[in-house]
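The structure appears right after this line, and notes come after that.
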Amino acid sequence: MTSVFTRRQLMAGGLGLAGATLLGACTSAAPGSAPTGTAQVPTPPKLGNPAVETTLRARMATVDLGGVNATTWIYGESLPGPEIRAKAGDVLRVMVENTLPVETSVHWHGIRLHNAADGVPGITQDPIAAGTNYTYEFAVPDPGTYFFHPHSGVQLDRGLYAPLIIDDPAEPGGYDQEWVLVLDDWTDGVGKGPDDILAEFKAQNGTVGSGMNHDMSGMGGMGNSPLGDVGDIVYPHYLINGRVPAQPLTLSAKPGHRVRIRLINAASDTLFRVALGDHVMTVTHTDGFPVQPHETRALYLSQGERVDLMVTLADGVFPLVAAAEGKQGQGLILIRTGGGTKPAATVHPDELNSDPLLLSALMPTDSARLPAQEPDQIEQVTLNGQMQPYAWGMNGTTFGSDTPIRTSPGKRVRLQMSNMTMMAHPMHIHGHTWSLPGNGGLRKDTVLVLPMQTITADLHADNPGKWAYHCHNIYHAEMGMMTTLQY
Ligand SMILES: [Cu+2]
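Note that numbering that gives the first Met the number 0 gives residue 315 to position 316 of the sequence shown, counting from 1, and the numbers run on in steps of one.
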């Protein structure tokens, strides 16, 4: 294997070129990493005493993925990092100790926090330099399933991620157990390093056009997902809670137990198709917000999306599988409530083939809806680019050359996102949760826009600042598929 590129794919595995120390030097070359324009970030509000205070140490470590050792960067002692848990309305104070060889940052994904705590170097703060500390302090207004990760280069594609769970004191619960499961695609310290993968993409030196991508080399793409192209990179491993499927974690419960499962997709380039063998799952929330309960046997979870499920467990041992869509491989967790043989690492429950749910097809509960209002402002947003030569952007350009979307406080802003590419893009807005008028006002902060699809997403401009708005395929974002909303 002399070239890592095939016509359509970048192979992350097998070459083992990159050690973590080698990679450090180029990480700071992220778009927007120059601390420009931070003066426009609104003054942070006065906050009450923190209910949750913790320290997060970003560090280099060797982790055991289940018979596979990887030297990588993690938070604290584990992969995923330590869960942070609070109640809606709490103030959090988190001191980040950066013991990495490069600068970093922490973004609190999906949280409607004040702008200065949003954790985006070059937009809301200066980067946290190597060997220094930085304290984030913010209130968490909305209950739900969130997570945190760096917003610096492609650091997300290492082990720097952990759940952020906001409990709702008013919620009745009504379940026996709760499990938080984090999905990831893994190469760092095993195959190629994320910075080397990005460098090879950049070396293709592609440009984005402004219109439809007529280059049909994107057709068919990697694998054969009914969603079109969904990923650019073949990873050596896919993980659930830091484990490869050969040595999966086993979760124990009793038959008949009702379990709330919070799924978080922390992957950089992988959309997962998720199913629990021999079970129907009831979707109750997505991106933190409640939905009208929806039963399904399988669902798609794209990068940055979260979903809460309720399941009533049968008697036996069952595989929860997160299959890498359009790729080979899967993540696995076993759920044991009784006797039975442990499924193989390659187990493929029939449920995976049963018309997986796209989360953007859900409907919100009445309590989750934004008040109905006609848009004051409508913005057309195009998603542009292609895989060969690799280039991704928005509105016909790339971040840094982009024109920010500007509005003013109190406005209802409608974003009409038209995907002009042959690839699906999980688009993410910071500091707000969209309302999707096509789905009765479904609330989402990350929405998968399929090839040639237009998705309309409204927001209420009630949280002033400079907010990143980008694709949550981290390689797409780093190539420039990002802009800002400012007011
Ligand atoms: Cu994308």
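All residues carry an ideal CB built from backbone N, CA and C; glycine is no exception.
* By the 10 Å Cβ neighbour count, where 16 or more other Cβ atoms means buried, how is Lys86 classified, buried or exposed? -> For the purposes of this step, residue 86 is taken as residue 87 along the sequence shown, with counting starting at 1. By the Cβ neighbour-count rule, Lys86 is exposed, with fewer than 16 other Cβ atoms within 10 Å of its own.
* **Same chain, Cβ closer than 7 Å to Met362, five either side skipped, listed in chain order** => Locating residue 362 in the sequence shown gives position 363, where the first residue counts as 1. Within the same chain, Cβ atoms closer than 7 Å to the Cβ of Met362 are found at Val290, Gln291, Asn438, Gly439 and Leu441, the five residues on either side in sequence being excluded.
* **In DSSP terms, what Pro162 is bridged to** => As a working mapping, residue 162 is identified with position 163 in the sequence shown. Beta-bridge pairing links Pro162 to Phe146.
* DSSP state of Ala360, grouped into three classes? -> Counted from its first residue, the sequence shown places residue 360 at position 361. In the three-state DSSP reduction, Ala360 falls in the helix class (H, G or I).
* Is the Cβ-Cβ distance between Ala161 and Ile260 less than 8 Å? -> As a working mapping, residue 161 is identified with position 162 in the sequence shown. As a working mapping, residue 260 is identified with position 261 in the sequence shown. Going by C-beta atoms, Ala161 is not nearer than 8 Å to Ile260.
* **Endpoints, the alpha helix (DSSP H) within which Tyr474 is located** => On the sequence shown, position 475 is the one that residue 474 refers to. From DSSP, the alpha helix (DSSP H) with Tyr474 extends over Ile473 to Met478.
* Given a threshold of 16 other Cβ atoms within 10 Å of its Cβ, counted over all protein chains shown, does Ser400 qualify as buried or as exposed? -> Here residue 400 is taken as the residue at index 401 of the sequence shown, counted from 1. Classification of Ser400: exposed, given that the 10 Å Cβ count is below 16.
* Report the residue from Gly75, Gly88 and Lys465 whose alpha carbon sits nearest the alpha carbon of Asn97. => Mapped onto the sequence shown, residue 97 falls at position 98. The shortest Cα separation from Asn97 among Gly75, Gly88 and Lys465 belongs to Gly75.
* Thinking Leu298 and Pro318 are a contact (beta carbons under 8 Å), I'd like their distance in whole angstroms, please. => Position 299 of the sequence shown holds residue 298. Position 319 of the sequence shown holds residue 318. The beta-carbon distance between Leu298 and Pro318, rounded to whole angstroms, is 15 Å. This is too long to meet the 8 Å contact definition.
* Asked: Taking the alpha carbon of Gly567 as the point to measure from, which residue in Gln385, Ala456 and Asp461 has its own alpha carbon closest?
  -> Nothing about residue 567 can be read from this structure; the chain reaches only from 0 to 486.
* Candidates Ala60, Ser104, Tyr486 and Thr445, of which the one nearest Asp286 by Cα -> Residue numbering aside, residue 286 sits at position 287 when the sequence shown is read from its first letter. Closest option to Asp286, Cα to Cα, is Thr445.
* Within the region 219-260, ranges of the alpha helix (DSSP H) (whole runs, at least 4 residues) -> Taken in chain order, the complete alpha helix (DSSP H) segments of 4 or more residues contained in the region 219-260 number zero; there are none.
* **Proximal residues to Ala274 (C-beta, below 7 Å), its chain only, five neighbours per side dropped** => Along the sequence shown, one-based indexing puts residue 274 at 275. Excluding positions up to five away in sequence, the list reads Arg296, Ala297, Val320, Pro348, Glu350 and Leu351.
* **Tyr468 versus Phe398 - alpha carbon distance** => Here residue 468 refers to the residue found at position 469 of the sequence shown. Here residue 398 refers to the residue found at position 399 of the sequence shown. Straight-line measurement puts the Cα of Phe398 at about 10 Å from the Cα of Tyr468.
* Which parts of the region 81-123 are runs of the beta strand (DSSP E), unbroken and 3 residues or longer, counting only runs that do not cross its ends? -> Those beta strand (DSSP E) runs which fall completely within the region 81-123 and span 3+ residues are 83-86, 90-97 and 106-108.
* Does DSSP put Asn394 in a helix, a strand or coil? -> Indexing the sequence shown from 1 puts residue 394 at position 395. Here Asn394 sits in coil by DSSP.
* When you get a sec, list the residues whose CB is within less than 6 Å of any heavy atom of ligand 1, chain order please. => Going by the Cβ distance cut-off, the answer is Trp391, His424, Cys470, Asn472, His475 and Met480.
* To do: State whether the region 443-462 contacts the region 354-370, with contact taken as three or more CB pairs (one from each stretch) at a distance under 8 Å.
  => In short, these stretches touch, since the Cβ pair count reaches three.
* CB Trp466 to CB His431, shorter than 8 Å? -> Residue 466 sits at position 467 when you count from the first residue of the sequence shown. Residue 431 sits at position 432 when you count from the first residue of the sequence shown. Yes, the pair counts as a contact, with Cβ atoms nearer than the cut-off.
* Residues of its chain near Gln485, where Cβ-Cβ distance is below 8 Å and the 5 sequence neighbours each way are ignored -> Position 486 of the sequence shown holds residue 485. Excluding residues up to 5 positions away in sequence, Gln39, Pro403, Ile404, Arg405, Thr406, Gly464, Lys465 and Trp466 lie with their Cβ nearer than 8 Å to the Cβ of Gln485 in the same chain.
* C-alpha distance - Asn114 paired with Val282, whole-angstrom precision -> Counted from its first residue, the sequence shown places residue 114 at position 115. Counted from its first residue, the sequence shown places residue 282 at position 283. Asn114 and Val282: Cα-Cα distance of roughly 31 Å.
* Complete runs of the beta strand (DSSP E) confined to the region 296-325 [at least 3 residues] -> For the region 296-325, whole beta strand (DSSP E) runs of length 3 or above, ordered along the chain, are 298-300, 305-311 and 316-323.
* Identified DSSP bridge partners for Ile263 -> Start at 1 with the first residue of the sequence shown, and residue 263 comes out as number 264. Answer is Val181 and Arg305.
* Please report the Cβ distance between Leu372 and Arg411, rounded to the nearest whole angstrom; I am assuming they are in contact, meaning their Cβ atoms lie under 8 Å. => Here residue 372 corresponds to residue number 373 of the sequence shown, with the count starting at 1. Here residue 411 corresponds to residue number 412 of the sequence shown, with the count starting at 1. In the sequence on display, residue 372 carries Gln and not Leu. Contact holds; Cβ gap of about 5 Å.
* Please confirm whether Ala116 and Phe137 have their CB atoms less than 8 Å apart. => Reading the sequence shown from its first residue, position 117 is the one you call residue 116. Reading the sequence shown from its first residue, position 138 is the one you call residue 137. Yes, the pair counts as a contact, with Cβ atoms nearer than the cut-off.
* Where the beta strand (DSSP E) containing Lys465 begins and where it ends -> For the purposes of this step, residue 465 is identified with residue 466 of the sequence shown, where counting begins at 1. Per DSSP, the continuous beta strand (DSSP E) segment holding Lys465 begins and ends at Lys465 to Cys470.
* Three-way DSSP call (helix, strand, coil) for Ala456 in this model -> For the purposes of this step, residue 456 is identified with residue 457 of the sequence shown, where counting begins at 1. Residue state, collapsed to three classes: strand.
* To do: Output yes or no for whether 8 Å exceeds the beta carbon distance between Leu155 and Ser267.
  => Indexing the sequence shown from 1 puts residue 155 at position 156. Indexing the sequence shown from 1 puts residue 267 at position 268. Taking 8 Å as the Cβ cut-off, Leu155 and Ser267 qualify as a contacting pair.
* Pairing CB atoms from the region 323-330 with CB atoms from the region 248-259, are three or more of them under 8 Å? -> The answer is no - the region 248-259 does not touch the region 323-330, with fewer than three Cβ pairs under 8 Å.
* **For Val310 and Gly339, believed in contact at Cβ under 8 Å, the rounded distance** => Residue mapping note: residue 339 aligns to position 340 of the sequence shown, counting from 1. Residue mapping note: residue 310 aligns to position 311 of the sequence shown, counting from 1. Between the beta-carbon of Gly339 and that of Val310 there is about 17 Å, and that puts the pair past the 8 Å contact cut.
* Which residues mark the beginning and the end of the alpha helix (DSSP H) in which Lys201 is found? -> To locate residue 201, count along the sequence shown from 1; it is residue 202. Following the DSSP letters along the chain, one finds Lys201 inside the alpha helix (DSSP H) bounded by residues Pro193 to Ala202.
* Asked: Should Thr420 be labelled buried (16 or more other beta-carbon atoms within 10 Å of its own) or exposed?
  -> In the sequence shown, residue 420 corresponds to position 421, counting from 1. If you draw a 10 Å sphere on the C-beta of Thr420, you find 16 or more other C-beta atoms in it, and that means buried.
* Asked: Taking C-alpha atoms, which residue in Asp277, Ala198, His108 and Ile473 lies nearest to Asp141?
  -> Within the sequence shown, numbered from 1, the residue matching residue 141 stands at position 142. Comparing Cα-Cα distances from Asp141 to each of Asp277, Ala198, His108 and Ile473, the minimum goes to His108.
* To do: Could you give the DSSP three-state label for Asp365: helix, strand or coil?
  => What you label residue 365 is simply residue 366 of the sequence shown in a count that begins at 1. The answer is helix: DSSP assigns Asp365 an H, G or I state.
* To do: Compare the Cα-Cα distances from Ile196 to each of Met481, Gly130, Thr483 and His475 and report the closest residue.
  => Indexing the sequence shown from 1 puts residue 196 at position 197. It is His475.
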